[in-house]
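Inspection log for the structure reproduced underneath, given as structure tokens.
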Amino acid sequence: MNQVSTYKSIEWKEDRLVLLDQRVLPREISYIEYKHHEDVAKAIKDMVVRGAPAIGATAAYGLVLATREKATKELSELRNYLSKAAELLQAARPTAVNLFWAIDRVIKKAHEDSIKTVEDLKKVVLNEAHQIAEEDIEMNKKIGLNALPLCSEKVTFIHHCNTGALATVDYGTALGIIRTAHEHGRDVFVYVDETRPRLQGARLTSWELKQLGIKHKVIVDGASGYFMATGKVDLVTVGADRIARNGDTANKIGTYNLAIVAKAHDVPFYVAAPTSTIDLSIANGKEIKIEERSAEEITTILGQQITPDDVNVANPAFDVTPAKYITGIITEMGIARPPYEKSLTEMVERAENERKK
Ligand code: MRU
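Numbering (my numbering), first residue to last: 2 to 358.
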């Protein structure tokens, strides 16, 4: 694989999947090995691995494990087992469409007529998982290059959540743009939203930026307005978990607030995502299922309770930014501009055609 970072969020090793445990970063660099798809589903749910493209690729490898769990010579029996494994993996997290996209892709391949034996099936599923992983890295690098013309010689970003090598198979989407600008000699500075409640910005994005030697400051989520009003912010770049046909975008909770603040200060607000994050089957953001996570994510920090006992908590993990606040959607195929229904549909079609070549 064309790995570019020194650490690997996801790695297939011979007969097992290895995940970098993102729950304990940056205090601990710890890898966990998986040999059963049920444990992989749990790892996605518990956020050992997270970020839309990363969980898609992880689920694909979860299906590879499923093909090796069942001792059978019957193709139909193995296909049935694989379908059950797919259902379990899909149930791990509801919002990021990449999870469903990757699983659908593998299942479709697994049903091709050219497959005659269980050994064929195992090979095809493994190849497809590798393909998904490799394509992800290539798409991310293209996203970075497509965004380069938006970055002036000296450029200051605000970034939300973590969209880097950790959230993808490698390189990153919105963080990949920042990385590309830095690699092309731009003088880059990043305000990093800490991203409550799981602190993907404070823990993961700052960890990645530090290793890349990119200047940054971690700020609390509520400070973005202050920095847009008093400092110079050129661009906001965020990732996406699902983009509807009209451009409405689900991303980490707090993204919507950031978009409104950016609009109020005339700061361009860009979403960066591979075309695998675009869901043309839904007309708008109202159709996106938003994951509600546990109360403990809010009531505790590093295992320490910070609220009174039995406090009521609401913890949506994502919000939807209406398309009208989005300046452009940067994909591996280029920058989609409003009206998004037309530009996104055209981009997805082009990406699918290219994949068929
Ligand atoms: O809950 P998480 O950490 O999986 O949420 C991640 C995000 O919201 C990212 O911005 C999105 O998945 C894009 S990652 C390239």
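Glycine included, every Cβ here is placed at the ideal spot set by N, Cα and C.
Item, Value
"What's the gap between the Cα of P323 and the Cα of D16?", "43 Å"
"Does DSSP classify E154 as helix, strand or coil?", "coil"
"Sort T250, V189 and Q201 by Cα distance to V96 and report the nearest one.", "Before going further, note that residue 96 is Thr rather than Val in the sequence given. Of the candidates T250, V189 and Q201, the one whose C-alpha sits nearest the C-alpha of T96 is T250."
"For the candidate residues V272, Q212 and G52, whose alpha-carbon lies nearest to that of I244?", "V272"
"Here's the rule I'm using: 16 or more other beta-carbon atoms within 10 Å means buried, otherwise exposed. How should N128 be labelled?", "exposed"
"Going by CA-CA distance only, name the one from Q132, H112 and Y257 that's closest to K357.", "Q132"
"What does the alpha-carbon distance come out to for the pair Y227 and T196?", "16 Å"
"Which residue comes first and which comes last in the alpha helix (DSSP H) that contains E34?", "Careful: E34 lies outside any alpha helix (DSSP H), inside the beta strand (DSSP E) at Y32 to Y35."
"Okay, do the segment 20-33 and the segment 45-56 touch, 3+ Cβ pairs below 8 Å being the bar?", "yes"
"Are there 16 or more other CB atoms within 10 angstroms of the CB of K110, so buried, or fewer, so exposed?", "buried"
"How should D188 be labelled, buried or exposed, when 16 other C-beta atoms within 10 angstroms of its C-beta is the threshold for buried?", "exposed"
"Which whole runs of the beta strand (DSSP E) in the segment 261-344 are 3 residues long or more, in chain order?", "270-273, 319-322, 329-332 and 335-337"
"Please report the Cβ distance between E209 and A263, rounded to the nearest whole angstrom; I am assuming they are in contact, meaning their Cβ atoms lie under 8 Å.", "So it is not a contact: roughly 22 Å between Cβ atoms."
"What are the partner residues of E12, as DSSP defines its beta bridges?", "V19"
"With burial defined as no fewer than 16 other Cβ atoms inside 10 Å of the residue's Cβ, what is the status of Q305: buried or exposed?", "exposed"
"Determine, using beta carbons only, whether G63 and L100 come nearer to each other than 8 Å.", "no"
"Between H217 and the rest of its own chain, which residues show a CB-CB distance below 6 Å, the 5 nearest in sequence each way excluded?", "V191, V193 and L210"
"Using the beta-carbon count (16 or more within 10 Å), is R204 buried or exposed?", "buried"
"Which ranges would you report for the alpha helix (DSSP H) in the segment 218-254 if only whole runs of at least 4 residues count?", "225-231"
"Taking the straight line between their C-alpha atoms, what separation do you get for K71 and L83?", "9 Å"
"Thinking C-beta only, is Y172 closer than 8 Å to K142?", "yes"
"What does DSSP give as the partner residue(s) for D194 in the beta ladder?", "I220"
"Could you say if the segment 290-302 and the segment 224-238 meet the contact criterion of at least three C-beta pairs nearer than 8 Å?", "no"
"Out of E292, E293, K325 and P27, which has the shortest C-alpha to C-alpha gap to I261?", "K325"
"Should R246 be labelled buried (16 or more other beta-carbon atoms within 10 Å of its own) or exposed?", "buried"
"Let me check one thing: in DSSP terms, what residues is I159 bridge-paired to?", "Y192 and V237"
"Give me the Cα-Cα distance between Y257 and E75, rounded to the nearest whole angstrom.", "50 Å"
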